[in-house]
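Report on the structure given below.
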Amino acid sequence: MGGFSAISAGNGWLIAAMGISVVFFGLASLAFIITYFPRAIRWWNDHAKSPKYTVQLLRSLFSQRNRKATISADTREGHESGELDDVEEALRLITAHMKEPFKLPRLIEVAEQRGLARVHSKINRLLVKGTMVGGADGLFRWATPNDRKEGVNSETVSK
Amino acid sequence: MIPIDELKKYEILAELDPAELKFLSAMAEATQAREGEVLIQAGLPARTLYILQEGDLMVAFPDGRAITLHKPGGVVGWSALVSPAGYTASVTCLTDCTFVTFSGSELLRLVQRNVAMGTKIMRNISKVLSRRLPFLQEKDRQRLRKGR
Chain A
82 MGGFSAISAG
92 NGWLIAAMGI
102 SVVFFGLASL
112 AFIITYFPRA
122 IRWWNDHAKS
132 PKYTVQLLRS
142 LFSQRNRKAT
152 ISADTREGHE
162 SGELDDVEEA
172 LRLITAHMKE
182 PFKLPRLIEV
192 AEQRGLARVH
202 SKINRLLVKG
212 TMVGGADGLF
222 RWATPNDRKE
232 GVNSETVSK
Chain B
1040 MIPIDELKKY
1050 EILAELDPAE
1060 LKFLSAMAEA
1070 TQAREGEVLI
1080 QAGLPARTLY
1090 ILQEGDLMVA
1100 FPDGRAITLH
1110 KPGGVVGWSA
1120 LVSPAGYTAS
1130 VTCLTDCTFV
1140 TFSGSELLRL
1150 VQRNVAMGTK
1160 IMRNISKVLS
1170 RRLPFLQEKD
1180 RQRLRKGR
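Below you can see the structure in the form of structure tokens.
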């Protein structure tokens, strides 16, 4: 006995199908983990600072999803908003390594090395939006709720 | 050439009278730069003074600290008025920008010939710089004093 009949006799087809399935689900799981890894790290960092953050994060994620759903997916505005959220997330990851406050030129350099497109204009939008703020010491950091209340250095930000 | 009405909108030229603005109008040129473009490189000879017409800029100092400018009228390349001098900071466009530019040597000659006008311009540039200087370290201040 040899060839296909030998494969059939030894349950080879079943084993091959199982092997393919295992590899497929393994890779799918890996892709899923990689996709959500940045968010998990961010959650972990923030959660360590404030135990209430979990609830806030879940609420903000939920409201963000709702907001995104209401904005027509194919409008440019909606697309850019989502894109900016992704960039913000990527930049937050980078700055988590750099520690706050961080040097803006260094952040741009690292973001470009990591392949983020049009870093300058996206960082500018975060600055104008007040998500990222510049201090009087020439260093930058992510805005806190207090920054939004008090406003920021007029030359460093805001149109 | 840039119209006088356009020039008098900018803080550093605000105190100049029409006759003085007329001189500057003839010298001024319009320039554009793209997002991400390095407009000024720190250490290189300072030859041009830029006034931001539209767009957003990052002024980065050699120690990595920076400020960003978002309002029309922001001035960069003031070292061009200190001869001989190199730029003290690098300037990068965060978005597509347009500028009114002045040749440093021409402007310096004009300022030296017309002391009253020179005083007004220098006083306004000092105001702009005093808002930016607080975070500079002593070594940067010394370099600025030396005109580098």
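Residue numbers (this note's numbering), protein chains in the order written: chain A, 82 to 240; chain B, 1040 to 1187. Just so you know, even glycine gets a beta-carbon here, dropped at the ideal spot from N, CA and C. Quick caveat: nothing in here was measured; it's all calculated off a predicted structure.
Neighbourhood of residue i by C-beta distance below 6 Å, restricted to the same chain and skipping five residues each side
i              : result
residue 1089/B : 1115, 1116, 1138, 1140
residue 1049/B : 1090, 1112
residue 1167/B : 1114
residue 1084/B : 1125
residue 185/A  : 221
Host beta strand (DSSP E) of residue i (start-end)
i              : result
residue 215/A  : 213-215
residue 88/A   : Not the beta strand (DSSP E): residue 88/A falls in the alpha helix (DSSP H), residues 84-90.
residue 1077/B : 1077-1079
residue 1093/B : 1087-1093
residue 1129/B : 1129-1132
residue 1100/B : First-last for residue 1100/B: undefined, no H or E at that position.
residue 223/A  : 221-223
With 16 other Cβ atoms within 10 Å as the buried cut-off, status of residue i
i              : result
residue 214/A  : buried
residue 1098/B : buried
residue 167/A  : exposed
residue 1134/B : buried
residue 183/A  : buried
residue 219/A  : buried
residue 86/A   : exposed
residue 150/A  : Here residue 150/A scores only 49 on pLDDT, less than 50, and its place in the model should not be relied on; the value that follows carries that caveat. By the 10 Å Cβ count, residue 150/A comes out exposed.
residue 1165/B : exposed
residue 1158/B : exposed
Below-9 Å beta-carbon distance, residue i vs any chain B residue
i             : result
residue 85/A  : no
residue 200/A : yes
Test: residue i CB closer than 9 Å to a CB of chain A
i              : result
residue 1131/B : yes
residue 1097/B : yes
residue 1100/B : yes
residue 1160/B : no
residue 1134/B : yes
Cβ-based neighbour list, residue i, same chain, cut-off 8 Å, excluding 5 preceding and 5 following
i              : result
residue 1080/B : 1126, 1129
residue 1060/B : 1043, 1046, 1047, 1052
residue 1065/B : 1040
residue 195/A  : 171, 175
residue 1156/B : 1055, 1059, 1062, 1149, 1150
residue 126/A  : 177
residue 1069/B : 1041, 1092, 1137, 1138, 1139, 1140
Extent of the continuous alpha helix (DSSP H) run through residue i
i              : result
residue 1150/B : 1143-1152
residue 206/A  : 200-210
residue 189/A  : 185-194
residue 1065/B : 1057-1066
residue 1044/B : 1043-1046
Neighbourhood of residue i by C-beta distance below 7 Å, restricted to the same chain and skipping five residues each side
i              : result
residue 157/A  : For residue 157/A, the predicted structure reports a pLDDT of 47, less than 50, and the residue's modelled location is therefore unreliable. The matter cannot be settled from this model.
residue 83/A   : none
residue 191/A  : 175
residue 121/A  : none
residue 1145/B : 1066
* To do: Mind checking the stretch 1071-1092 of chain B against chain A and listing, in chain order, the residues whose C-beta falls within less than 8 Å of any C-beta there?
  => So the list reads 1074, 1075, given in the order they occur along the chain.
* To do: Please list the residues of the stretch 203-221 of chain A that have a C-beta atom closer than 7 Å to any C-beta atom in chain B, keeping them in chain order.
  => 204, 205, 208, 209, 215, 217, 218, 219, 220
* **Against chain B: residues of the stretch 162-189 of chain A by CB proximity under 7 Å** => 184, 185, 186, 187
* To do: Could you name the residues of the stretch 1138-1151 of chain B whose beta carbon sits closer than 9 Å to any beta carbon of chain A, in the order they occur along the chain?
  => Shown here is that no member of the stretch 1138-1151 of chain B has a Cβ falling below 9 Å from a Cβ of chain A.
* Between the stretch 1101-1116 of chain B and chain A, which residues of the former have CB atoms less than 9 Å from a CB of the latter, in chain order? -> 1102, 1103, 1104, 1105, 1106, 1107, 1108, 1109, 1110, 1113
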